[in-house]
Amino acid sequence: MSSIPGEIIVTPPRWSVIGFTFSKPHLSAEFVVMSNRLRYVIHATDASLAKSPELREQLRSFLDVAENTPVEGYTVDDFYEWALEPLIPLLCEDARLTSTPRRAPNLHDFLYAPVLEYTLGCKSEELVLVPKMESPETQFMFGAFLPESCNAWPCYLPFDIQLERETGESAVPRKVMLPDGTPAFFKLMRRGEEAILERELALYDRLRASQLPGSVRVARLLGLVCNGHNLRSVFGLLLTYIDLRTTSLTRAVECGAQVRLRRRWSEQVMRIVHNLHQRRLVWGGASPNNVIIDASNNAWLVGLGGGSSGGWVPQELVGTIDGDLVALKKIVDFTEGGLSISYS
27 MSSIPGEIIV TPPRWSVIGF TFSKPHLSAE FVVMSNRLRY VIHATDASLA KSPELREQLR
87 SFLDVAENTP VEGYTVDDFY EWALEPLIPL LCEDARLTST PRRAPNLHDF LYAPVLEYTL
147 GCKSEELVLV PKMESPETQF MFGAFLPESC NAWPCYLPFD IQLERETGES AVPRKVMLPD
207 GTPAFFKLMR RGEEAILERE LALYDRLRAS QLPGSVRVAR LLGLVCNGHN LRSVFGLLLT
267 YIDLRTTSLT RAVECGAQVR LRRRWSEQVM RIVHNLHQRR LVWGGASPNN VIIDASNNAW
327 LVGLGGGSSG GWVPQELVGT IDGDLVALKK IVDFTEGGLS ISYS
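For the sequence shown, the working numbering begins at 27 and goes up steadily by one.
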């Protein structure tokens, strides 16, 4: 596309949606965007768009999409694009005004990033951002609380966990570095996820006690990121980091992996699940999305203790060995058949 002479084309900085919630009954949605070490919170409500029946109707339509995606070809990504369009110029301006720190970012920079909060409004039938006072819920959106202190695992302060510059500034950090230089996968805990945290810690306690051989490729818990010296407040789990050049089993199969590799992965997954079940451990999050293929073409299981299986485990069997076995058969059929099957 040709540009107008003298026009300055500004490329938006890196950004990502790190949080999204919505309420169909309340006709509202909240988007949390991370960019350039700043956190933007955008509230969209039926009331805030009251002056534009057309925009109100678009919001309601996209709430339908969020609840039942896809709808008539629209997905949640289309909702993001619609609602966040007025944010892009602001990201460009803030990036221009914000100097880049010389030091490498750490986890504290992400967890306590400055927050800019807005309501999605309308002017002349166009979406605009209206500044809003920051709320306590927005300021403290990360961290889950345990009923008692957790000192059974190594605990680290956010300042002590280093991030990669290219991902730590504009997304939820994934690969992080422990103080001794060990890479780890950071699994963020959000406010209100106490039940998830307790369930996963119980699973990793059992996994450690089971003396499962280190050669069995499942993600292990290396430690916790805690809020200062309050060991009851946990920002996230630090898990085994699987090589950066990885992909999920779902993507590997859908991209046409060779038959011999698909058979290799099926056998590896079956062997790992068998090792877990021998020790009365449940995979829980059994699905091809929770099988990671590393750079050496070996399969790893993640999602232990539950999480989303995308319908691969029948609802009545979630969290059981029988549920794992039902999903395992589907996974093997999917992998060796080389077909894109969805059970959601």
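Using N, Cα and C, we set each Cβ at its ideal position, and we do this for glycine too.
Task: Exposure of Leu354, with buried meaning 16 or more beta-carbon neighbours within 10 Å - done: Within the sequence shown, numbered from 1, the residue matching residue 354 stands at position 328. Buried, since its Cβ has 16 or more Cβ neighbours within 10 Å.
Task: beta strand (DSSP E) segment containing Gly45, residue limits - done: Within the sequence shown, numbered from 1, the residue matching residue 45 stands at position 19. DSSP places Gly45 in the uninterrupted beta strand (DSSP E) bounded by Ser42 to Ser49.
Open item on the list: Let me check understanding here. Comparing Cα to Cα, which of Thr47, Gln304, Trp291 and Ser274 lies closest to Asn23?
Closed with: This structure gives no information on residue 23, because the portion of the chain shown stretches from 27 to 370.
Task: Completely contained alpha helix (DSSP H) runs for the region 256-298, where each covers 4 or more residues - done: The qualifying runs are 275-280.
Open item on the list: Give me, in chain order, the residues of the same chain whose beta-carbon lies closer than 7 angstroms to that of Tyr267; leave out the 5 immediate sequence neighbours on both sides.
Closed with: In the sequence shown, counting from the first residue as 1, residue 267 sits at position 241. In the same chain as Tyr267, and ignoring 5 residues on each side of it, the C-beta atoms closer than 7 angstroms to its own belong to Lys201, Pro209, Ala210 and Phe211, in chain order.
TODO: Sort Phe171, Ile347 and Ala109 by Cα distance to His300 and report the nearest one.
DONE: Residue 300 sits at position 274 when you count from the first residue of the sequence shown. The shortest Cα separation from His300 among Phe171, Ile347 and Ala109 belongs to Ile347.
Open item on the list: Between Asn253, Pro157 and Val102, which has its C-alpha nearest Gly116's C-alpha?
Closed with: The residue you call residue 116 lines up with position 90 of the sequence shown. Note that residue 116 corresponds to Leu in the displayed sequence, not to Gly. Nearest of Asn253, Pro157 and Val102 to Leu116, Cα basis: Pro157.
Open item on the list: Quick check: Asp135 and Arg217, are their CB atoms within less than 8 angstroms of each other?
Closed with: Residue 135 sits at position 109 when you count from the first residue of the sequence shown. Residue 217 sits at position 191 when you count from the first residue of the sequence shown. Their beta carbons are not under 8 angstroms apart, which means Asp135 does not touch Arg217 by this criterion.
Task: Same chain, Cβ closer than 8 angstroms to Ser292, neighbours up to 5 away in sequence not counted - done: Locating residue 292 in the sequence shown gives position 266, where the first residue counts as 1. Excluding residues within five positions, the ones whose Cβ falls inside 8 angstroms are Ile357, Val358, Thr361 and Glu362.
Open item on the list: If you reduce the DSSP assignment to three classes, tell me which class Ser61 lands in.
Closed with: Within the sequence shown, numbered from 1, the residue matching residue 61 stands at position 35. Note: Ser61 maps to strand in three-state DSSP.
- [ ] With a cut-off of 8 angstroms on the beta carbons, I'd call Leu229 and Arg246 a contact; round off their distance for me.
- [x] For the purposes of this step, residue 229 is taken as residue 203 along the sequence shown, with counting starting at 1. For the purposes of this step, residue 246 is taken as residue 220 along the sequence shown, with counting starting at 1. Rounded to the nearest angstrom, the Cβ distance from Leu229 to Arg246 is 11 angstroms, too far for a contact under 8 angstroms.
TODO: May I ask you to report which of helix, strand or coil DSSP gives Tyr369?
DONE: Residue numbering aside, residue 369 sits at position 343 when the sequence shown is read from its first letter. A caution first: Tyr369 carries a pLDDT of 40, below 50, which makes its placement in the model too unreliable to give a value.
Task: In DSSP terms, what Pro149 is bridged to - done: In the sequence shown, counting from the first residue as 1, residue 149 sits at position 123. Reading off the sequence, residue 149 comes out as Lys, not Pro. Its beta-bridge partners are Glu152.
Task: Residue environment, His52, which counts as buried when at least 16 other CB atoms sit within 10 Å - done: Reading the sequence shown from its first residue, position 26 is the one you call residue 52. Burial call: exposed.
Task: Nearest-angstrom beta carbon gap, Val154 and Val67 [assumed within contact, 8 angstroms] - done: As a working note, residue 67 is residue 41 in the sequence shown. As a working note, residue 154 is residue 128 in the sequence shown. Not quite, the Cβ-Cβ distance comes to about 16 angstroms (not below 8 angstroms), so this is no contact.
- [ ] Excluding the 5 residues preceding and the 5 following Ser259 in the sequence, name in chain order all residues of the same chain whose CB lies nearer than 7 angstroms to its CB.
- [x] Taking the first residue of the sequence shown as position 1, residue 259 is located at position 233. Answer for Ser259: Gly169, Phe171, Cys252 and Asn253, listed in chain order.
TODO: Go through its chain and collect everything with a Cβ distance to Thr145's Cβ below 6 angstroms, but skip five positions before and after it.
DONE: By one-based count along the sequence shown, residue 145 stands at place 119. His69, Ser74, Val156 and Lys158, listed in sequence order.
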